[in-house]
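Reviewing the structure listed below.
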Amino acid sequence: MPSGLHPPVSALIRRLVAAGLLVFFGLGCDSTGPEDAADAPPPRPLTAAEDQVIDADNAFGLTLLRSTVDTEGTSKNVFLSPISVSMALGMTLNGARGETHSAMEAALEKQDLSPTDINDAYRGLIDLLEGLDPNVEVALANSIWYREGLPVRHAFIDTNRAHFDAEVEGLNFTDPSASDRINGWGNDQTRGSIEKIVPSQIPSNPVMYLINATYFNGPWRDQFDPSNTAPKPFHRTDGSTVTVPMMEKTENVVHPTYQAKQFRAVDIAYGGSLYSMTILLPHEDASRCSRSWTASTPRRGRR
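Mapped onto full-length UniProt numbering, the consecutive letters of the sequence shown carry residue numbers 1 to 303.
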(Lines of atoms letter the chains of each structure in order from A; the text may use other names.)
(Lines give C-alpha, C1' and ligand atoms only; values in the text may rest on other atoms or scores of the structure.)
Protein backbone atom coordinates (compact mmCIF):
# COMPACT_ATOMS: atom_id res chain seq x y z
CA MET A 1 0.00 0.00 0.00
CA PRO A 2 1.72 3.21 -1.10
CA SER A 3 1.44 5.88 1.54
CA GLY A 4 2.62 9.41 2.18
CA LEU A 5 3.32 10.67 5.68
CA HIS A 6 -0.20 11.89 6.44
CA PRO A 7 -2.54 11.07 3.51
CA PRO A 8 -6.30 11.56 3.92
CA VAL A 9 -7.94 8.30 4.94
CA SER A 10 -10.27 8.17 1.92
CA ALA A 11 -7.33 8.60 -0.45
CA LEU A 12 -5.35 6.04 1.53
CA ILE A 13 -8.07 3.43 1.04
CA ARG A 14 -8.42 4.19 -2.67
CA ARG A 15 -4.68 3.71 -3.18
CA LEU A 16 -4.41 0.32 -1.51
CA VAL A 17 -2.38 -2.39 -3.16
CA ALA A 18 -3.60 -5.78 -1.94
CA ALA A 19 -3.27 -9.32 -3.23
CA GLY A 20 -5.28 -12.04 -1.68
CA LEU A 21 -8.25 -13.85 -0.39
CA LEU A 22 -11.83 -12.86 0.32
CA VAL A 23 -12.78 -14.42 3.63
CA PHE A 24 -16.11 -14.21 5.39
CA PHE A 25 -16.38 -16.20 8.58
CA GLY A 26 -19.57 -18.23 8.34
CA LEU A 27 -22.60 -17.63 6.14
CA GLY A 28 -26.07 -16.47 6.92
CA CYS A 29 -29.61 -15.98 5.69
CA ASP A 30 -32.23 -18.70 5.84
CA SER A 31 -30.61 -22.04 5.17
CA THR A 32 -32.48 -24.56 3.04
CA GLY A 33 -29.72 -27.14 3.35
CA PRO A 34 -28.50 -29.21 6.30
CA GLU A 35 -26.77 -27.17 8.98
CA ASP A 36 -23.70 -29.41 9.21
CA ALA A 37 -22.98 -29.94 5.52
CA ALA A 38 -19.98 -27.58 5.47
CA ASP A 39 -19.56 -26.77 9.12
CA ALA A 40 -16.60 -28.64 10.55
CA PRO A 41 -15.70 -27.21 13.97
CA PRO A 42 -12.66 -24.90 14.16
CA PRO A 43 -9.66 -26.13 16.19
CA ARG A 44 -10.28 -23.58 18.96
CA PRO A 45 -12.87 -21.00 19.98
CA LEU A 46 -12.34 -17.43 18.84
CA THR A 47 -11.36 -14.88 21.46
CA ALA A 48 -13.71 -11.95 22.07
CA ALA A 49 -11.28 -9.60 20.31
CA GLU A 50 -10.96 -11.93 17.30
CA ASP A 51 -14.74 -12.11 17.10
CA GLN A 52 -14.99 -8.31 17.11
CA VAL A 53 -12.23 -7.89 14.53
CA ILE A 54 -13.95 -10.40 12.23
CA ASP A 55 -17.23 -8.48 12.47
CA ALA A 56 -15.41 -5.19 11.89
CA ASP A 57 -13.51 -6.55 8.88
CA ASN A 58 -16.71 -7.98 7.38
CA ALA A 59 -18.44 -4.61 7.77
CA PHE A 60 -15.47 -2.74 6.29
CA GLY A 61 -15.13 -5.26 3.45
CA LEU A 62 -18.78 -4.85 2.49
CA THR A 63 -18.45 -1.06 2.54
CA LEU A 64 -15.42 -1.41 0.26
CA LEU A 65 -17.38 -3.75 -2.05
CA ARG A 66 -20.32 -1.35 -2.33
CA SER A 67 -18.02 1.59 -2.94
CA THR A 68 -16.23 -0.34 -5.68
CA VAL A 69 -19.51 -1.38 -7.32
CA ASP A 70 -20.69 2.24 -7.23
CA THR A 71 -17.40 3.42 -8.75
CA GLU A 72 -16.70 0.66 -11.27
CA GLY A 73 -20.30 -0.29 -12.08
CA THR A 74 -21.49 -3.85 -12.64
CA SER A 75 -20.32 -4.28 -16.24
CA LYS A 76 -16.85 -5.60 -15.39
CA ASN A 77 -15.31 -8.22 -13.13
CA VAL A 78 -13.87 -6.97 -9.85
CA PHE A 79 -11.73 -8.91 -7.38
CA LEU A 80 -11.39 -7.61 -3.83
CA SER A 81 -9.50 -8.95 -0.84
CA PRO A 82 -10.96 -7.42 2.33
CA ILE A 83 -8.65 -9.44 4.58
CA SER A 84 -5.62 -8.06 2.71
CA VAL A 85 -6.87 -4.49 2.88
CA SER A 86 -7.73 -4.85 6.57
CA MET A 87 -4.32 -6.26 7.47
CA ALA A 88 -2.43 -3.63 5.47
CA LEU A 89 -4.45 -0.88 7.15
CA GLY A 90 -4.08 -2.66 10.50
CA MET A 91 -0.33 -2.25 10.19
CA THR A 92 -0.79 1.36 9.11
CA LEU A 93 -3.00 2.02 12.12
CA ASN A 94 -0.04 1.26 14.38
CA GLY A 95 1.71 4.33 12.99
CA ALA A 96 -1.24 6.72 13.07
CA ARG A 97 -1.92 9.23 15.83
CA GLY A 98 -4.55 11.81 16.78
CA GLU A 99 -7.28 12.64 14.27
CA THR A 100 -5.78 10.36 11.62
CA HIS A 101 -5.90 7.41 14.03
CA SER A 102 -9.51 8.18 15.00
CA ALA A 103 -10.59 8.53 11.37
CA MET A 104 -8.93 5.26 10.41
CA GLU A 105 -10.51 3.45 13.37
CA ALA A 106 -13.94 4.69 12.30
CA ALA A 107 -13.39 3.74 8.65
CA LEU A 108 -12.23 0.27 9.70
CA GLU A 109 -15.17 -0.15 12.14
CA LYS A 110 -12.69 -0.67 14.99
CA GLN A 111 -13.38 2.35 17.18
CA ASP A 112 -14.59 0.10 20.04
CA LEU A 113 -11.36 -1.92 20.10
CA SER A 114 -8.07 -1.00 21.77
CA PRO A 115 -4.80 -1.15 19.78
CA THR A 116 -3.76 -4.13 21.91
CA ASP A 117 -7.00 -5.97 21.13
CA ILE A 118 -6.63 -5.30 17.40
CA ASN A 119 -3.00 -6.40 17.23
CA ASP A 120 -3.54 -9.49 19.40
CA ALA A 121 -6.57 -10.47 17.31
CA TYR A 122 -4.64 -10.30 14.04
CA ARG A 123 -1.76 -12.23 15.59
CA GLY A 124 -4.19 -14.98 16.61
CA LEU A 125 -6.12 -14.99 13.33
CA ILE A 126 -2.96 -15.26 11.22
CA ASP A 127 -1.89 -18.34 13.19
CA LEU A 128 -5.42 -19.78 13.11
CA LEU A 129 -6.07 -19.30 9.40
CA GLU A 130 -2.68 -20.61 8.28
CA GLY A 131 -3.15 -23.83 10.25
CA LEU A 132 -6.92 -24.16 10.04
CA ASP A 133 -7.15 -27.01 7.54
CA PRO A 134 -4.25 -29.39 6.77
CA ASN A 135 -5.79 -30.01 3.34
CA VAL A 136 -5.68 -26.32 2.39
CA GLU A 137 -2.62 -24.10 2.03
CA VAL A 138 -3.10 -20.55 3.29
CA ALA A 139 -0.29 -18.03 3.70
CA LEU A 140 -0.79 -14.52 5.06
CA ALA A 141 2.35 -12.49 4.44
CA ASN A 142 2.91 -8.85 5.38
CA SER A 143 5.72 -6.47 4.57
CA ILE A 144 6.74 -2.85 5.05
CA TRP A 145 9.15 -1.16 2.64
CA TYR A 146 10.26 2.38 3.38
CA ARG A 147 12.39 4.92 1.57
CA GLU A 148 15.96 4.97 2.90
CA GLY A 149 16.50 7.90 5.22
CA LEU A 150 12.89 8.05 6.40
CA PRO A 151 12.85 8.15 10.22
CA VAL A 152 10.63 5.23 11.27
CA ARG A 153 9.85 4.66 14.94
CA HIS A 154 11.19 1.41 16.35
CA ALA A 155 7.90 0.80 18.17
CA PHE A 156 6.04 0.84 14.83
CA ILE A 157 8.43 -1.69 13.32
CA ASP A 158 8.55 -3.92 16.40
CA THR A 159 4.75 -4.01 16.79
CA ASN A 160 4.14 -4.96 13.17
CA ARG A 161 6.87 -7.58 13.21
CA ALA A 162 5.47 -9.15 16.38
CA HIS A 163 1.77 -9.11 15.50
CA PHE A 164 1.73 -9.25 11.68
CA ASP A 165 4.98 -11.16 11.01
CA ALA A 166 5.90 -8.15 8.86
CA GLU A 167 9.12 -8.18 6.90
CA VAL A 168 10.54 -4.65 7.20
CA GLU A 169 13.26 -3.20 4.99
CA GLY A 170 14.54 0.23 3.97
CA LEU A 171 15.31 0.61 0.26
CA ASN A 172 16.71 3.19 -2.10
CA PHE A 173 13.48 3.90 -4.00
CA THR A 174 15.38 5.66 -6.80
CA ASP A 175 17.20 2.42 -7.64
CA PRO A 176 15.27 0.06 -9.99
CA SER A 177 16.39 -2.83 -7.80
CA ALA A 178 13.98 -1.57 -5.12
CA SER A 179 10.92 -2.41 -7.23
CA ASP A 180 12.53 -5.73 -8.15
CA ARG A 181 12.92 -6.52 -4.44
CA ILE A 182 9.30 -5.63 -3.59
CA ASN A 183 7.81 -7.34 -6.64
CA GLY A 184 9.99 -10.38 -6.05
CA TRP A 185 8.65 -10.63 -2.51
CA GLY A 186 5.06 -10.44 -3.75
CA ASN A 187 5.73 -13.00 -6.47
CA ASP A 188 7.27 -15.41 -3.96
CA GLN A 189 4.50 -15.00 -1.38
CA THR A 190 1.72 -15.59 -3.93
CA ARG A 191 3.56 -18.51 -5.55
CA GLY A 192 3.85 -16.63 -8.82
CA SER A 193 0.22 -15.52 -8.96
CA ILE A 194 1.05 -11.80 -8.71
CA GLU A 195 4.25 -10.74 -10.41
CA LYS A 196 3.98 -6.97 -10.08
CA ILE A 197 2.81 -4.84 -7.15
CA VAL A 198 4.78 -1.61 -7.64
CA PRO A 199 5.92 0.01 -10.91
CA SER A 200 9.39 -0.66 -12.28
CA GLN A 201 10.35 2.90 -11.42
CA ILE A 202 8.94 3.88 -8.04
CA PRO A 203 7.47 7.43 -8.18
CA SER A 204 8.99 10.18 -6.08
CA ASN A 205 6.02 10.66 -3.72
CA PRO A 206 5.67 7.26 -1.94
CA VAL A 207 7.72 7.00 1.23
CA MET A 208 6.42 3.64 2.41
CA TYR A 209 4.63 0.57 1.06
CA LEU A 210 2.62 -1.59 3.47
CA ILE A 211 1.62 -4.77 1.67
CA ASN A 212 -0.33 -7.90 2.48
CA ALA A 213 -0.10 -10.88 0.14
CA THR A 214 -2.58 -13.66 0.85
CA TYR A 215 -2.21 -17.05 -0.83
CA PHE A 216 -4.93 -19.71 -0.91
CA ASN A 217 -4.74 -23.13 -2.53
CA GLY A 218 -7.24 -25.81 -1.63
CA PRO A 219 -9.02 -28.72 -3.29
CA TRP A 220 -12.79 -28.88 -3.40
CA ARG A 221 -14.14 -31.17 -0.69
CA ASP A 222 -16.35 -32.74 -3.36
CA GLN A 223 -14.34 -32.73 -6.56
CA PHE A 224 -15.62 -31.40 -9.87
CA ASP A 225 -14.87 -33.58 -12.89
CA PRO A 226 -12.87 -31.43 -15.35
CA SER A 227 -14.43 -33.33 -18.26
CA ASN A 228 -17.81 -31.86 -17.28
CA THR A 229 -16.58 -28.28 -17.74
CA ALA A 230 -18.20 -26.89 -20.88
CA PRO A 231 -19.07 -23.54 -22.50
CA LYS A 232 -22.36 -22.23 -21.10
CA PRO A 233 -24.23 -18.91 -21.26
CA PHE A 234 -23.64 -16.43 -18.44
CA HIS A 235 -26.25 -13.69 -18.03
CA ARG A 236 -24.79 -10.32 -17.13
CA THR A 237 -26.44 -7.52 -15.15
CA ASP A 238 -27.08 -5.42 -18.26
CA GLY A 239 -29.10 -8.25 -19.81
CA SER A 240 -26.44 -9.38 -22.27
CA THR A 241 -25.13 -12.93 -22.40
CA VAL A 242 -21.58 -14.18 -22.76
CA THR A 243 -20.34 -17.74 -23.17
CA VAL A 244 -17.88 -18.89 -20.50
CA PRO A 245 -16.49 -22.26 -19.34
CA MET A 246 -18.62 -23.52 -16.45
CA MET A 247 -17.98 -26.36 -14.03
CA GLU A 248 -20.85 -28.78 -13.52
CA LYS A 249 -21.66 -31.43 -10.96
CA THR A 250 -24.57 -33.82 -11.26
CA GLU A 251 -23.87 -36.15 -8.34
CA ASN A 252 -26.15 -35.97 -5.31
CA VAL A 253 -23.79 -33.91 -3.14
CA VAL A 254 -25.38 -31.72 -0.49
CA HIS A 255 -24.20 -28.12 -0.13
CA PRO A 256 -25.83 -25.58 2.18
CA THR A 257 -28.05 -23.24 0.16
CA TYR A 258 -29.60 -19.98 1.30
CA GLN A 259 -32.47 -17.75 0.27
CA ALA A 260 -32.69 -14.01 0.85
CA LYS A 261 -34.88 -11.28 -0.58
CA GLN A 262 -32.28 -10.09 -3.08
CA PHE A 263 -30.29 -13.25 -3.81
CA ARG A 264 -29.75 -16.98 -3.51
CA ALA A 265 -26.47 -18.41 -2.23
CA VAL A 266 -24.62 -21.70 -1.98
CA ASP A 267 -21.65 -22.70 0.17
CA ILE A 268 -19.11 -25.00 -1.55
CA ALA A 269 -16.52 -26.46 0.80
CA TYR A 270 -12.79 -26.89 0.37
CA GLY A 271 -10.60 -29.55 1.97
CA GLY A 272 -12.02 -30.59 5.33
CA SER A 273 -14.89 -28.05 5.17
CA LEU A 274 -13.24 -25.37 7.32
CA TYR A 275 -12.92 -23.14 4.25
CA SER A 276 -15.66 -22.63 1.71
CA MET A 277 -16.56 -20.50 -1.28
CA THR A 278 -19.84 -18.64 -0.94
CA ILE A 279 -21.47 -17.89 -4.29
CA LEU A 280 -24.27 -15.32 -4.45
CA LEU A 281 -26.73 -15.22 -7.35
CA PRO A 282 -28.69 -11.94 -7.42
CA HIS A 283 -32.37 -12.22 -8.27
CA GLU A 284 -32.07 -8.99 -10.27
CA ASP A 285 -29.66 -6.14 -9.53
CA ALA A 286 -26.15 -7.03 -8.31
CA SER A 287 -25.82 -3.70 -6.50
CA ARG A 288 -29.00 -4.42 -4.52
CA CYS A 289 -27.56 -7.82 -3.67
CA SER A 290 -24.39 -6.25 -2.26
CA ARG A 291 -26.44 -3.82 -0.18
CA SER A 292 -28.67 -6.54 1.27
CA TRP A 293 -25.61 -8.47 2.48
CA THR A 294 -24.71 -6.90 5.83
CA ALA A 295 -21.97 -7.47 8.38
CA SER A 296 -24.35 -9.58 10.48
CA THR A 297 -25.47 -11.71 7.53
CA PRO A 298 -22.49 -14.11 7.57
CA ARG A 299 -23.34 -15.14 11.14
CA ARG A 300 -27.12 -15.13 11.06
CA GLY A 301 -28.50 -18.66 10.95
CA ARG A 302 -25.21 -20.11 12.24
CA ARG A 303 -25.71 -19.23 15.89
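Even glycine gets a Cβ: it sits at the ideal position worked out from N, Cα and C. Given the structure is predicted, the values throughout are model-derived calculations rather than measurements.
- Listed as beta-bridge partners of M246 by DSSP are A230.
- In this chain, R147 is not harboured by any alpha helix (DSSP H); it is covered by the beta strand (DSSP E) spanning 137-147.
- According to the DSSP assignment, N212 belongs to the beta strand (DSSP E) that extends over 208-217.
- By the beta-carbon neighbour count (other beta carbons within 10 angstroms, threshold 16), P219 is exposed.
- Around the Cβ of K261, a 10 Å sphere holds fewer than 16 other Cβ atoms; the residue is exposed.
- Between M104 and A96, the C-beta spacing is below 8 Å.
- Of the other Cβ atoms in all chains shown, 16 or more fall within 10 Å of the Cβ of N94; this residue is therefore buried.
- Residue environment analysis places S114 among the exposed positions, since fewer than 16 neighbouring C-beta atoms fall within 10 angstroms of its C-beta.
- Here the alpha carbon of E167 sits roughly 20 Å from the alpha carbon of F216.
- In the three-state scheme derived from DSSP, where H, G and I count as helix and E and B as strand, P45 is classed as coil.
- Between the beta-carbon of A265 and that of T257 there is about 7 Å, and that keeps the pair under the 8 Å contact cut.
- In the DSSP assignment, P199 falls outside any beta strand (DSSP E), carrying neither H nor E.
- Rounded to whole angstroms, the gap between the alpha carbons of H235 and L280 is 14 Å.
- Taking the C-beta atoms as reference points, V207 is found no nearer than 8 Å to R153.
- The C-beta of A213 has 16 or more other C-beta atoms within 10 Å across all chains shown, which makes the residue buried.
- Contact between the stretch 157-167 and the stretch 133-147 is established, with three or more Cβ pairs separated by less than 8 Å.
- Under DSSP, T174 forms no beta bridge with any residue.
- Taking C-beta atoms as the reference points, I211 and G192 fail to come closer than 8 Å.
- Residue state for P203 is assigned as coil, using DSSP reduced to three classes.
- If one requires a minimum length of 4 residues, no alpha helix (DSSP H) run lies completely within the stretch 245-280.
- Under the three-state reduction of DSSP, T241 is assigned to strand.
- Assignment of H283 by DSSP, reduced to helix, strand and coil, places it in the coil class.
- For V78, the secondary structure class from DSSP, reduced to helix, strand or coil, is coil.
- The stretch 236-256 makes no contact with the stretch 106-120, as fewer than three CB pairs between them are under 8 Å.
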